[in-house]
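Each number in my numbering comes from the position in the sequence shown (counting from 1) with 91 added on.
Using N, Cα and C, we set each Cβ at its ideal position, and we do this for glycine too.
What you are looking at is a predicted structure, and each value in this text was computed from that prediction instead of being measured.
This report refers to the structure that appears directly beneath it.
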Amino acid sequence: MMSRSPVRRPHLKGSPAKRRARVRRRRRAPVVAEPALAVATAKESASLKTTLQDEPAVTAERAIRDTLAEAEEIEMLLGEEVDEEEPAGEEEAYFIKAPGQTRPRSGARPARGISGSAPEERAAGAVPKPARPAAVPPGPIAVTGGPRGAGPAGPSAEEEEEAAHLFPRNLNTAYPVAVRAEGIWIHDAAGRKYLDGCSGAVVCSIGHGVEEVAAVMTGQARRLAFAHSSQFITREAMGLASRVAALAPGDMKKTGRVYLVSGGSEAVETAIKLARQYHVETGRPGKSKIIARWQSYHGSTMGALAVTGNVARRALYQPMFAPMPHIPPCYCYRCPYGLEFPSCGTACVEDLETAIRQEGPDTVAAFIAEPVVGATLGAVPAVEGYWQRAREICTKHDVLLIADEVMTGVGRTGRNFAVDHFRVVPDLIVTGKGLSGGYAPLGAVIARGFVADALKAGRGYFEHGFTYSANPLSAAVGSAVLDYLAKNNLIARASRMGKVLGGKLQALKRHPLVGDVRGLGMMWGLEIVKDRKTREPFPPSLKASRRLYDLCLLEGLLIYPGSGTREGQDGDHFIIAPPFTITGAEIDDLVARLDRGLKALAAALR
Ligand SMILES: Cc1ncc(COP(=O)(O)O)c(C=O)c1O
């Protein structure tokens, strides 16, 4: 066994018997993120009073009334079974306790999401023990941002030991161990469950644990798990390509060619290389630049990162990739030009033409943008007219228009693709995430026919490829997910239930720190501000969105946090984007947990 540093692994001190006793004690320890948060929780009700006092009463009340009325109206119009299910929480509530507190305060609210029976109750046989693999012991809830093993929120000794060889996303974070999931719920090894309010990273469109997809996956794995794309094509890849093309807009339906890869970053790499090769094949070898936008995210690989406009994600690797031109985003809440729509004349898209001219049209291969900016701005849709004008400018200068729909594609915004809202046909659409709904690594590029034709007439092949391009197992899973979406009419449902969700999120503006609520379909973003009037963000040192993540985790709710919302420097936002299958009662549950998380954040930041 490898030797371990006693400094980094203090739990390994002492005899095995002592260590086991310590683990048992820690499992019984109250769930507290950090002392400050425990105090924050205790301050909750006082904070609510202050919150309501701070708010101009009439405006806030009217806003809430209006949004609730709108949501009710939508529910009525839908005639949906929005309240047909019991609020979630069939498992016993697990209380957040202040240090030293062993019983819930009288009148204290349960942290319903971190539900799952308390270890003592399980030991007494009061509640059925949730299934978990024998090798994974239960442990206290992990809270991100806290040092590993620090305080009662750290992982158990067994968990630490088991994770010793895994290179996790953050080496200083104690993550809960996920063991199973169904519907909108993810369960951890400690028997707690979390409402998946953001579908992971806006991935799980059809919800977790869909049997039909699992059945297709196992059948396919037995029949044909792999065939290399340089040697074979497969029925599975052809089937998925046809289904994806059928979802695409305009002439893509008929002429579209679909290049299948393993995820969003690979799909972006594929699209920008395809744009470059297209121009070389058509006699314009000078065209190599891809214009992108600040405040965008296009992926983690070097090419995708070069076009990404998120300052923080670029900074470390910037010396390693080719510089690409960036223009300001379409972001009305913090308009980079200090203007207002529509009197602004959509100056942001006009800058695309300026950039093309400045760079020289003969050097620009493509323009890439997200129709609804996801990770780095928090669900900000383009204004009406932006994409139509971008289309005109690109056509005029022989620049390919690439819509990055990795997050928005395949129904997330309530339409097949987000560009459908803007009635525009790009030259390339990049997609991923919801394409497989998280059931397999999968991404795709849809190219209009003329792009593929140019390669066919030129070299004849695409100078590109991955071992797992057009993988039959992933392709079969993708088709099963698309079939499930169609059979259950889930894209239309994302649109309908997304309006209900949006209405209820709008009502959270009663919290003074919620500066803006925006989104489309089942993809919503909330921006957190220190001062709603001036839109001044909290200082980055307060890590407001990260703290909200932790507080929501204590409420058993998963959200997708982001920062650098204002020019990549400061600002906080988060995304709410549950599976399309979420019911009305589950939306209420999600919003109630978020409401409590926001109250706790307000108290913590006071
Ligand atoms: C718009 C967009 N493009 C590309 C990517 C990269 O996708 P992946 O993480 O699957 O590589 C993401 C991921 O969040 C994304 O949101």
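Just verifying my parser: in three-state terms, what is the DSSP assignment at residue i?
| i | result |
| --- | --- |
| Glu251 | helix |
| Glu475 | coil |
| Tyr424 | helix |
| Pro238 | Because the pLDDT of Pro238 is 32, which lies under 50, any placement of that residue in the model is unreliable, and the number read from its coordinates should be weighed accordingly. Reduced to three states, the DSSP call for Pro238 is coil. |
| Val541 | Residue identity check: residue 541 is Phe in the sequence provided, not Val. Helix, per DSSP. |
| Glu759 | In the structure as shown, the chain begins at 92 and stops at 697. Residue 759 is therefore absent and cannot be evaluated. |
| Val371 | helix |
| Ala463 | A quick correction: the sequence has Val, not Ala, at residue 463. Strand. |
| Arg119 | Low confidence applies to Arg119: its pLDDT is 33, below 50, so where it sits in the model is not reliable, and the reading given next is rough at best. Three-state result, Arg119: helix. |
| Glu512 | In the sequence as presented, Glu is not what sits at residue 512; that position holds His. Three-state result, His512: helix. |
| Glu357 | helix |
| Arg697 | coil |
| Leu692 | helix |
| Pro563 | helix |
| Pro410 | helix |
| Gln322 | coil |
| Arg260 | coil |
| Cys435 | coil |
| Pro340 | coil |
| Lys634 | coil |
| Gly569 | helix |
| Met308 | helix |
| Leu526 | helix |
| Ala403 | helix |
List the residues that DSSP assigns as beta-bridge partners of residue i.
| i | result |
| --- | --- |
| Glu618 | Asp607 and His664 |
| Tyr350 | Val536 |
| Val682 | DSSP, once it has assigned bridges, lists no residue as partnering Val682. |
| Tyr651 | Ile666 |
| Arg45 | In the structure as shown, the chain starts at 92 and stops at 697, and residue 45 therefore has no counterpart that could be examined. |
| His417 | Ala383 |
| Tyr285 | Ile277 |
| Ala457 | Ile381 and Leu491 |
| Leu519 | Ile493 and Ala538 |
| Ala657 | A small fix is needed here, since residue 657 is Arg in this sequence, not Ala. DSSP, once it has assigned bridges, lists Asp661 as partnering Arg657. |
| Glu627 | Asp622 |
| His299 | Gly274 |
Taking residue i as the reference, which of the options has the closest Cα?
| i | options | result |
| --- | --- | --- |
| Pro427 | His664, Pro340 and Arg657 | Arg657 |
| Lys782 | Val516, Ala292 and Ala395 | Since the first residue of the chain shown is 92 and the last is 697, residue 782 is not available in this structure. |
| Pro416 | Cys423, Ala457 and Cys435 | Ala457 |
| Leu526 | Arg550, Cys435, Ala466 and Ala358 | Ala358 |
| Ala481 | Ala470, Pro452, Val440 and Cys289 | Val440 |
| Leu633 | Ala548, Val463 and Leu696 | Leu696 |
| Ala366 | Thr437, Ser391, Val568 and Asp544 | Asp544 |
| Arg609 | Lys624, Leu592, Asp622 and Lys621 | Leu592 |
| Gly363 | Ala561, Leu645, Val542 and Gly612 | Rather than Gly, the amino acid found at residue 363 in this sequence is Ile. Of Ala561, Leu645, Val542 and Gly612, the residue nearest in Cα terms is Val542. |
| Leu596 | Gln311, Gly616 and Ala577 | Gly616 |
| Asp287 | Ala567, Ile666, Phe508 and Gly374 | Ile666 |
| Tyr369 | Asp518, Glu253 and Phe432 | Asp518 |
| Cys643 | Pro267, Met614 and Tyr285 | Tyr285 |
| Arg283 | Leu581, Gly655 and Glu646 | Glu646 |
| Val371 | Ala548, Thr625 and Gly298 | Ala548 |
| Ala332 | Gly534, Arg550, Val464 and Gly606 | Gly534 |
| Ile418 | Leu396, Glu444 and Ala403 | Glu444 |
| Gln449 | Gly436, Ile382 and Ala438 | Ile382 |
| Val620 | Ala538, Phe629, Met614 and Gly612 | Phe629 |
| Ser570 | Gly300, Arg334 and Asn261 | Arg334 |
| Glu360 | Leu604, Phe557, Asp279 and Asp442 | Phe557 |
| Gly400 | Gly655, Ala312 and Gly330 | Gly655 |
Residue i and residue j look like a contact to me (Cβ under 8 Å); what is the Cβ gap, rounded to whole Å?
| i | j | result |
| --- | --- | --- |
| Tyr530 | Val304 | 5 Å |
| Tyr559 | Ser356 | Not really, about 13 Å apart at Cβ, beyond 8 Å. |
| His736 | Ser636 | There is no way to answer for residue 736, as the model of the chain reaches only from 92 to 697. |
| Gln479 | Phe513 | 6 Å |
| Glu302 | Ala567 | Going by Cβ atoms, the distance from Glu302 to Ala567 rounds to 15 Å, so no, they are not a contact pair. |
| Val521 | Ile493 | 6 Å |
| Ala466 | Tyr388 | 4 Å |
| Val572 | Ile275 | That pair is no contact at about 16 Å. |
Three-pair Cβ contact test at 8 Å for the stretch 648 to 655 versus the stretch 500 to 513: no
Touching by the beta-carbon criterion (3+ pairs, under 8 Å), the stretch 489 to 498 and the stretch 319 to 326: no
Any 3 or more C-beta pairs closer than 8 Å across the stretch 475 to 491 and the stretch 659 to 679: no
contact_flag[the stretch 446 to 463, the stretch 373 to 380] where n(CB pairs < 8 Å) is 3 or more: yes
Validate contact between the stretch 575 to 588 and the stretch 670 to 677 using beta carbons, cut 8 Å, 3 pairs: yes
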